[in-house]
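According to the working numbering, the sequence shown holds residues 64 to 198 in order. Here the structure is laid out as structure tokens; the discussion comes afterwards.
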Amino acid sequence: MNQESIKLIQNYYAAFNAGDMDTFLSLLTDDVIHDINQGKREIGKDAFKQFMACMNHNYKEQLVDMVIMASEDGKRAAAEFVVLGEYLQTDEGLPAANGQKYRLPAGAFFDIRDNKVARITNYYNLNDWIAQVGG
């Protein structure tokens, strides 16, 4: 079971890196829970799709140095990686964007149900990101 979960998370991040939002979103349950870093909890694939549209408008990111782990039963997984990004458009409440590049260690935790992502919780150091983009 855990190898299937690791493969799911690999596919999830491969779709993200390829900018393939159709595949990316197809790997989520309809009632997916998304815990936004230092933010609120959103529920549902539509909310996640809107979040990603905003992210893809404001940022260009690739995730590298990926390490993925899963529980024995495959119901939970975690990933650690580095975000290589470019800040394209100013995001509300954050410093002004002018193409700043950043390198940010990050992690994510997942609940998996029926071989789909049912919850994703992302973590990174927002103060580190703000310092890198000159805020």
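All C-beta atoms in this analysis are idealised placements derived from N, C-alpha and C, irrespective of residue type, glycine included. Please read these numbers as outputs of a predicted model, since none were measured by experiment.
Please tell me whether residue i and residue j are closer than 8 Å, where the distance is taken between their beta carbons.
i: Q152; j: N121; result: yes
i: V180; j: Y76; result: no
Consult DSSP for residue i and reduce its assignment to one of helix, strand or coil.
i: D190; result: Note that residue 190 is Asn in the sequence shown, not Asp. Residue state, collapsed to three classes: helix.
i: K164; result: strand
Can you give me the Cβ contacts of residue i inside the same chain, cut-off strictly under 8 Å, excluding the 5 residues immediately before and after it?
i: A159; result: T153
Hey, could you find the ends of the alpha helix (DSSP H) residue i is sitting in?
i: Q125; result: Note, Q125: premise wrong, no alpha helix (DSSP H); beta strand (DSSP E) at Y122 to A133.
i: L71; result: N65 to A81
i: L88; result: M84 to S89
Can you give me the C-alpha to C-alpha distance between residue i and residue j, rounded to a whole angstrom?
i: D85; j: G197; result: 33 Å
i: Q73; j: K103; result: 25 Å
Go through its chain and collect everything with a Cβ distance to residue i's Cβ below 7 Å, but skip five positions before and after it.
i: S68; result: A133, G137, A140 and I175
i: D94; result: I106 and G107
i: I131; result: I69, I72, Q73, A140 and A142
If you measure from the CB of residue i, is any heavy atom of the ligand FAD nearer than 7 Å?
i: T92; result: Among the ligands in the structure shown, none appear at all, so the ligand FAD cannot be discussed.
Looking only at its own chain, which residues have a Cβ that is under 6 Å from the Cβ of residue i, when we skip the five neighbours before and after it?
i: A78; result: T86 and F87
If you follow the beta strand (DSSP E) that residue i is part of, which residue opens it and which one closes it?
i: I99; result: Unbroken run through I99: none, as it is neither H nor E.
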